């Protein structure tokens, strides 16, 4: 693998990011994930600090299973596009049902770990509410919420890695959890630097687009006219629709480049 191959793969991933089939498949899925985010945000609007902080991460982790299933389909479509083969959309969906269900379950362990962190965080918030000594516990154990939130952020990064490395491995080869884990771990043993570099390169477009969209949403929220949960939910729902539309090509590129990177790291799967 050299830089010329990476540049060629990057260009091919960009060129195939505006396919009508992929957009029709990706946009509704992002809307569904957006509804999860909006719902959690509306619930967190009038909730306690513990609940609102926890709900900031929960929709991201719940969406990972949906996005993993989406990634498998997008990668299979991309493989057909690169080879110039005609593709029946209905046949693709029907032939990938078992694979979609199998890959979706792979996100459950991270959700369970997060729920454990959530409960542990609640214990420290509860200690801080004890009359008389609560403030003492809040000061002495300040490191605990910090580490738990840090762990939640790490889980989000792990989920991104899951989308990038596991989705193409599952799409190109039969789904067997043990062999799938061995193939993914084999990448890090033999080509750790290349794997990380390709992963970071895939994140650049989606990070730029989502960063600009998030900044626009935050600035829009500054001028919000209501603090009621229902009004906030409706407002963010209508913001979420163009948010998802603009983000769609970047998400498609992420999975396109995941497929290209898998081929670069595993030439024998071509």
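Residue numbers (the working numbering): 97 to 366. Here a beta-carbon is modelled for each residue, glycine too, at the ideal position from N, C-alpha and C. If you're wondering where the values come from, they're calculated on a predicted model, not measured in any experiment.
Cβ-based neighbour list, residue i, same chain, cut-off 7 Å, excluding 5 preceding and 5 following
{"i": "residue 159", "result": "129 and 132"}
{"i": "residue 344", "result": "119, 122, 123 and 126"}
{"i": "residue 356", "result": "105, 108 and 109"}
{"i": "residue 244", "result": "213, 216 and 217"}
{"i": "residue 247", "result": "213"}
{"i": "residue 316", "result": "335"}
{"i": "residue 342", "result": "305 and 309"}
{"i": "residue 295", "result": "257 and 260"}
{"i": "residue 112", "result": "174, 177 and 352"}
{"i": "residue 185", "result": "117"}
{"i": "residue 209", "result": "251"}
{"i": "residue 287", "result": "361"}
{"i": "residue 266", "result": "168, 195, 199 and 276"}
DSSP-derived helix/strand/coil call for residue i
{"i": "residue 189", "result": "helix"}
{"i": "residue 172", "result": "helix"}
{"i": "residue 167", "result": "helix"}
{"i": "residue 198", "result": "helix"}
{"i": "residue 359", "result": "helix"}
{"i": "residue 354", "result": "helix"}
{"i": "residue 368", "result": "With the chain running from 97 to 366 in the structure shown, residue 368 is simply not present."}
{"i": "residue 266", "result": "helix"}
{"i": "residue 108", "result": "helix"}
{"i": "residue 159", "result": "helix"}
{"i": "residue 229", "result": "coil"}
{"i": "residue 224", "result": "coil"}
{"i": "residue 128", "result": "helix"}
{"i": "residue 257", "result": "helix"}
{"i": "residue 182", "result": "coil"}
{"i": "residue 340", "result": "helix"}
{"i": "residue 115", "result": "coil"}
{"i": "residue 152", "result": "coil"}
{"i": "residue 144", "result": "coil"}
{"i": "residue 239", "result": "helix"}
Sequence-distant residues of the same chain with beta carbon closer than 6 Å to residue i, five excluded per side
{"i": "residue 302", "result": "346 and 350"}
{"i": "residue 134", "result": "329, 332, 333 and 336"}
{"i": "residue 155", "result": "132, 133 and 136"}
{"i": "residue 99", "result": "none"}
{"i": "residue 228", "result": "none"}
9 Å Cβ cutoff met for residue i and residue j
{"i": "residue 188", "j": "residue 171", "result": "no"}
{"i": "residue 313", "j": "residue 333", "result": "no"}
{"i": "residue 233", "j": "residue 220", "result": "yes"}
{"i": "residue 175", "j": "residue 239", "result": "no"}
{"i": "residue 196", "j": "residue 157", "result": "no"}
{"i": "residue 354", "j": "residue 167", "result": "yes"}
{"i": "residue 358", "j": "residue 264", "result": "yes"}
{"i": "residue 211", "j": "residue 117", "result": "no"}
{"i": "residue 101", "j": "residue 360", "result": "yes"}
{"i": "residue 292", "j": "residue 114", "result": "no"}
{"i": "residue 161", "j": "residue 226", "result": "no"}
{"i": "residue 249", "j": "residue 153", "result": "yes"}
Residues near residue i in its chain [Cβ-Cβ closer than 8 Å; skip 5 each side]
{"i": "residue 147", "result": "139 and 140"}
{"i": "residue 223", "result": "230, 233, 234 and 237"}
{"i": "residue 87", "result": "Absent from the model: residue 87. The displayed extent of the chain is 97 to 366, so no value can be given."}
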